[in-house]
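When the sequence shown is numbered by this note's numbering, its final residue is 679 and no position is left out of the sequence of numbers. Beneath this line is the structure, given in structure tokens, with notes to follow.
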Amino acid sequence: MKVVTPEISWHEKDPVYSIDYQPCTGPVLRIATGGVDKYVRIWQVKVSKDGKTTVDFLSNLKRHSKAVNVCRFSPDDAVILFWKLSESSANPGNLFEDEEMENKENWVVSKALRGHLEDIYDVCWSSDGKRMVSGSVDNSAILWDLVKDQKLALFNEHKSFVQGVAYDPLHEYFATLSADRSCRIFSTNGKNCMYNVCKMSLPSSSSPDKNSDSKPKSFRMFHDDTMRSFFRRLSFTVDGEILIAPAGCMELGENKVINSTYLFSRHSLNKPAVYLPSPSKFTICVRCCPCYFKLRKSSETENKPEDSSNNNKKEWEKTSTLFALPYRLVFAVGTEDSVLLYDTQQQSPFAYVGNIHYHQISDLAWSHDSRFLFVSSTDGYCTIITFDEGELGEIYVPEKEVNRMESSDSTTEKSKNADNSEVSSPIISTTVESSNDGESSSSGLNLVLEVTNDSTSPNRPSDITSQNVCSGKDNVTSTDDKDTDKNNTKDCESDKKCDVSTSSKKELTSDTPQPRRISFITLSNNPS
């Protein structure tokens, strides 16, 4: 791990409120920053052969009349501006001031969304880029339709500033975190508040007497508006199974309050499943790594001889882990003066980065390949944390994906050998890559459904889990249907719509991969 804080004037030494990384794999690696100087600036990140990281200025986006509190790249002032890279080499100029630096790229405003009455503190895109949720100082959150450029719903249940928003990768929920000490979960379909998470009860352990009238102690889960931060940026994990919320506080006794970060299971969003303590400083922002990693084996597991009984166990049962997931998810938590790196396999952080800024940390951003973690601060500087290949862990590839790749390689070899012959048997293999509701993952984690031409699009993970495996009756041609196939073939020939013979149909049926249901792993709390 290498930590570098470039000594450049990011925003004329004014506080930097937000930073984001462009989610693409192109030749130019861009980041965007926004700050008090009312500008959004585009930068290029360059990595030399010796691993040295440098940052070059690309463009200055000047249209806001107030401080820029948040900037986010799309995955595909009370105004949300959408900028796009201009194909024209001409400089459009600045509407308000003269240019101080020459732009290497020209960006133009493509659209503007108006709906909030006051400053906007946070925004979050949906994974398909078709929707967005925003939170504002006017105590409201708005769900936007970016295809039609219109407001879908306004949510004003909060009693104070909405300082953080997060959109579910599975498109079912979005979450808001407010200075009124509450986290609300909304439905994207019904457009109503499903959960209001604000209080939690712990059993009283002061009296061992079972007959005593001791009641569970209830306390507020989040800090109030005296917390010295403009932001409370929460985040869903890339698979949508966990919601991570900062700015938490737990009262464990009289005059004993511990700062914490809460982890909510997707299947129990009304109460936290795990809390991560941060004794010294309160937490401000959370950002999840877009990659999946293999589970880390403990030293005890590595030293033990292989047991045949472990072959029937799930991946998470073979090692110690907090959540029933076959992979590790890594996320970063920003506190007042440090960055903590966690994963879903343990409660304590596996890395700590401190003494990098003089003022408060405001935002975090991961690169698409998990090689970089960018940190912005209100001291006017940004830090780049670089990870070596494999430092965070080995990239996780599902077993079904490995089998598909192996079968694909063997099929390729067979096809090469068959090139010498005049006739080759037809093989049709259609694959649909899906990563939680059909969205591809930037890490390459794609759950693969092998389907025939007659199959429909893959169901959502929850539907796949609840449904039974497809029976062979619907997908395989039986011997009783041979006559029907022959008749269908004749009809096709008479209508001149089909030139496939009965023999080729049989051959196609035997070689075509049959539809399979993938068992998606869902999150469950550890048994008490």
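The beta-carbon is built from N, C-alpha and C at its ideal position, and this holds for glycine as well.
Worksheet item: From this set, Thr-184, Ser-199, Arg-223 and Val-198, which residue's C-alpha is nearest Ser-210's C-alpha?
Response: Thr-184
Worksheet item: What whole-angstrom Cβ distance do Asp-526 and Gly-485 have, given they're in contact under 8 angstroms?
Response: Correcting the residue identity first, residue 526 is Val in this sequence and not Asp. Yes, Val-526 and Gly-485 are in contact; Cβ-Cβ is about 7 angstroms, under 8 angstroms.
Discussion item. Within 10 Å of its beta-carbon, does Phe-370 have 16 or more other beta-carbons around it, so buried, or fewer, so exposed?
Written reply: In this structure Phe-370 is exposed. Its beta-carbon is surrounded by fewer than 16 other beta-carbon atoms within 10 angstroms.
Worksheet entry | Local Cβ density within 10 Å of Glu-392, reported as buried at 16 or more and exposed below that | buried
Worksheet entry | Nearest residue (CA-CA) to Ile-271, options His-322, Asp-331 and Lys-217 | When each option's Cα is compared against that of Ile-271, the closest is Lys-217.
Worksheet item: Since Leu-480 contacts Thr-388 with CB under 8 angstroms, what's their CB separation in whole angstroms?
Response: The pair is a contact, with the Cβ atoms about 5 angstroms apart (cut-off 8 angstroms).
Discussion item. Check whether the region 533-547 and the region 190-208 touch, using three or more Cβ-Cβ pairs below 8 angstroms as the test.
Written reply: yes
Worksheet item: Can you tell which of His-162, Ala-398 and Asn-406 has the C-alpha that lies nearest to the C-alpha of Trp-194?
Response: Nearest to Trp-194 by C-alpha distance, out of His-162, Ala-398 and Asn-406, is His-162.
Worksheet item: Taking the continuous beta strand (DSSP E) assigned at Thr-184, which residues delimit it?
Response: 181-186
Discussion item. Can you find the residues in the same chain that come closer than 7 angstroms, C-beta to C-beta, to Ile-159, ignoring five residues on each side of it along the sequence?
Written reply: The residues are Val-206.
Worksheet entry | Closest Cα partner of Ala-681 within the set Ser-329, Glu-256 and Asp-319 | Since the first residue of the chain shown is 152 and the last is 679, residue 681 is not available in this structure.
Worksheet item: Going by the beta-carbon positions, is the gap between Pro-226 and Trp-276 smaller than 8 angstroms?
Response: yes
Practice prompt. State the Cα-Cα distance for the pair Lys-350 and Lys-189, rounded to the nearest angstrom.
Written response: 37 angstroms
Discussion item. Once DSSP output is grouped into helix, strand and coil, what is the label at Pro-612?
Written reply: Note that Pro-612 has pLDDT 38, beneath the 50 cutoff, so the model's placement of it is unreliable and no number is given.
Worksheet item: According to the neighbour-count rule (16 or more other Cβ atoms, all chains shown, within 10 Å of its Cβ), is Met-152 buried or exposed?
Response: So Met-152 counts as exposed.
Worksheet entry | Cys-222, enclosing beta strand (DSSP E) - first and last residue | Per DSSP, Cys-222 belongs to no beta strand (DSSP E) and is neither H nor E.
Worksheet item: Cα-Cα, which of Asn-343, Arg-383, Leu-476 and Tyr-443 is closest to Val-437?
Response: When C-alpha distances from Val-437 are compared across Asn-343, Arg-383, Leu-476 and Tyr-443, the shortest belongs to Arg-383.
Worksheet item: How many Å lie between Ser-169 and Ser-411 at the Cα?
Response: 22 angstroms
Worksheet item: What residues in its chain sit with their C-beta under 7 angstroms from that of Gln-314, if we drop five residues either side in the sequence?
Response: Tyr-272, Asp-273, Gly-286, Leu-328, Ser-329, Ala-330, Phe-381, Phe-382 and Arg-383
Worksheet item: With DSSP run on the structure shown, which of helix, strand or coil describes Asp-530?
Response: Coil at Asp-530, not helix or strand.
Fill in: Neighbourhood of Tyr-413 by C-beta distance below 6 angstroms, restricted to the same chain and skipping five residues each side
Ala-396, Gly-399, Pro-423 and Tyr-426
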